[in-house]
Structure formats: structure tokens, C-alpha cells
Amino acid sequence: MELQKNVHEGLPLPTSSADCVITLRGDYLYYHYGCDGLDDRGWGCGYRTLQTLCSWLAIWEGRSQAVPSLYEIQKWLVDMEDKPPNFSGSRSWIGCVEAALCVERFCGVLCRILHTRPGERLEGMLEILRAHFQRGGGPVMMGGDTDNASKGILGLCVGPSGQYLLVLDPHFYGQCMDKGLLQREGWVQWRSLNSFEPSSFYNFCLPQVQREMSTEIK
340 MELQKNVHEG LPLPTSSADC VITLRGDYLY YHYGCDGLDD RGWGCGYRTL QTLCSWLAIW
400 EGRSQAVPSL YEIQKWLVDM EDKPPNFSGS RSWIGCVEAA LCVERFCGVL CRILHTRPGE
460 RLEGMLEILR AHFQRGGGPV MMGGDTDNAS KGILGLCVGP SGQYLLVLDP HFYGQCMDKG
520 LLQREGWVQW RSLNSFEPSS FYNFCLPQVQ REMSTEIK
């Protein structure tokens, strides 16, 4: 199945009067449920977000073999003794911590892990995310507990009407030939910070690259 590239491009802003809009720079591929023929619905979202992160790093560095398969991810986590032997071939989830280990292993890039507690407002993450994208950082992985659906963060928008994250959802299943469909159905969308679950903690995995090549409107 051919993967779609940069599926957020052309998506309208969530507000007509934004004070700051900043998104990642560079290309990525949209990995989602079943995109390689493996039906991973219900358990594979973290792996797919990780693959999207790896695709951005691979394209930026000009690599051809930096995006691991789900099997390769599981096998390596077992080999390094982060997971027990029965993890390989299982339907067990992964989160931001495992993603950080895999980005370092398969892409040679260290990651920063950030944590927000249940009830802690996500507004405190905005400046960190803005600095990440200003430095040329790629997609960020986000996941939680009550809200345990993995998601990619591609940018942010701040304006008088609210604060928003540009969210890439890996839970789409099927053959996608049109990024417009993904946008219309909300698989990539601007989400208000108020739409996230206040009772959930959230983790963020930020691959650490230093490139002053952000896309920003102030």
C-alpha cells in the first residue's frame, strides 16, 4: 500500500486570527492501522506513530532503511531486555518511552520525554513544542492513560479564540488515496487544548534534532 506524504498540507487553520502558527518542516509518511497489510487495529497505534517519526528522520537524513516494521520493533525491545520474550509477536501496546528507545536504535537520534500529570493544563507544553519546531524538530509522539490513543503532533496554533495542536491520528484503517479524505474525516486536524482528556496524564516524545528551519507565522 502506498503511503501518503505530508497529509496536513492544505488543512485550513482553526481560526482566522492566529497570533502564532508553527508546524514541522520537512516530509513524513503517514503510517496508520493496516498500512503494511498487518491488521493491528486495537493495539498498533503507538507503533504507527513511531513509524511516522522514523519516516521523517529517514527522509531528512536521506536514509532508505530507517523505518522499522512492527516485528522489528518488538524483536529489538525483547533483545535489549526491555520486554519479556513473549512480547515478540504479541498485540501489546507501546508508548512514548519505548518509542524513544526505538528512535535511538533505528535512527540514531536521542529523544526527550516530557510528562504532564492528570489535571495539569497542557498550555504548559506549548512553549516547549514551539521551541521544538523552531529548531527544526519533526513529529512529536503523544500518549496517555485515560486517553491512551497514540497520536502525532505536527504543529501548534495560538490565537484569541484558543490554543490548538495539529494532531495526526494513526487509527485510520483502509486504503487511503486522498489526503483530502483524511482531513475531512478528522484523521489529521487542529484540536483545541480543551478537547483533550483532563483526567489523563500525557507523555510526549520529542526527537532531538537542531535545525533552524521552522515554518512559523507570528
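Basically this note's numbering = 1-based index in the sequence shown + 339. Backbone N, C-alpha and C define an ideal beta-carbon position, used for all residues, glycine too.
Pairing His347 with Leu507 gives a Cβ-Cβ distance under 8 Å.
In this structure, the beta-carbon distance from Gly491 to Trp432 does not fall below 8 Å. If the five residues before and after Ala397 are omitted, its C-beta is found closer than 6 Å to the C-beta atoms of Ala405, Val406, all from its own chain and listed in chain order.
With respect to the 8 Å criterion, Leu468 and Thr362 are not classified as neighbours on the basis of their beta carbons. About 6 Å separates the beta carbon of Tyr367 from that of Thr391, a gap short enough to meet the 8 Å contact definition.
With a beta-carbon spacing of about 7 Å, Met480 and Phe543 fall inside the 8 Å limit used to define contacts.
Separation of Gln547 and Leu493 (C-alpha to C-alpha, rounded to the nearest whole angstrom) is 15 Å. Taking 8 Å as the cut-off, the Cβ atoms of Gly476 and Leu545 count as close. Residue pairing by DSSP places Lys344 opposite Leu368 in a beta bridge. According to the DSSP assignment, Cys515 belongs to no beta strand (DSSP E), since it is labelled neither H nor E. With a threshold of 16 other beta carbon atoms within 10 Å, Glu437 meets it and is buried. For the region 487 to 545, the continuous beta strand (DSSP E) assignments of 3+ residues that do not extend past its boundaries occur at 490 to 498, 501 to 507, 527 to 531, in sequence order.
Shown here, Gly385 sits in a helix according to DSSP, grouped into three states.
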